[in-house]
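Residue numbers (the numbering used here): 280 to 416. Below is one structure, written out as structure tokens; comments come after it.
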Amino acid sequence: MSSQMTDCRHNVVYAGVFNLIRGFGVLGVVDAWTCTHCDEIWCDGRRLGVQEIPDEVGLPVRVQGTEWAVMFCDDGQKTDWNLLQVKRGEEFEHSCAASPQCRITVGDDWKPNCSLGDHVNHRLVLVKQSLNKNVYV
Ligand SMILES: [Zn+2]
Ligand SMILES: [Zn+2]
Ligand SMILES: [Zn+2]
């Protein structure tokens, strides 16, 4: 089943949510919407404390061939997370509050392999596999 984004007149419904949890705290919440005709998926991430939920129409469109994922980074002291679109085998530059810039290669098993080795613990959490679950990081 391929996503024909131009051919489908999407009927967007709420698909679910997952919580990114660390210890006893919720770091963030990812909401997802799906189409009842095709398997397209839209996502939006909320940091704790940010309550407004955006209009679905304004949400970013997934690039075909990619999957929505949360990149979670932990340097042992600081953590950060970002919602990304990733592909198996893809290489991209990454930096965030917990990670200086490095180059990530996405493995066939969706594991992020970092050019700098173990300087930061990077994790990729696929949205589709995590909906309506709590993800402990
Ligand atoms: Zn659709
Ligand atoms: Zn990061
Ligand atoms: Zn890295």
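By construction, the Cβ of each residue, glycine as well, lies at the ideal position given by its N, Cα and C atoms.
- Not one heavy atom of ligand 3 lies closer than 7 Å to the C-beta of CYS375.
- For GLN380, the uninterrupted beta strand (DSSP E) segment begins and ends at 378-385.
- Per DSSP, the continuous beta strand (DSSP E) segment holding CYS314 begins and ends at 304-314.
- The straight-line gap separating the alpha-carbon atoms of VAL291 and TRP347 is approximately 17 Å.
- DSSP places GLN343 outside both helix and strand once states are collapsed to three, so it counts as coil.
- Rounded to the nearest angstrom, the Cβ distance from CYS352 to HIS401 is 5 Å, consistent with a contact under 8 Å.
- Between the C-alpha atoms of SER394 and GLY368 there is a straight-line separation of about 14 Å.
- Assigned with DSSP and collapsed to three states, TRP360 falls in strand.
- In this model, GLY355 and VAL399 are separated by some 8 Å (Cα to Cα).
- When DSSP states are grouped into helix, strand and coil, ASN400 belongs to the strand group.
- Note on geometry: alpha-carbon atoms of PHE303 and SER409 lie some 19 Å from one another.
- Where LEU299 is concerned, the enclosing beta strand (DSSP E) starts and stops at 291-301.
- Under DSSP, LEU410 shares a beta bridge with no residue.
- Ranked by how close their Cα comes to the Cα of CYS322, the residues LEU306, PRO339 and CYS314 have PRO339 in first place.
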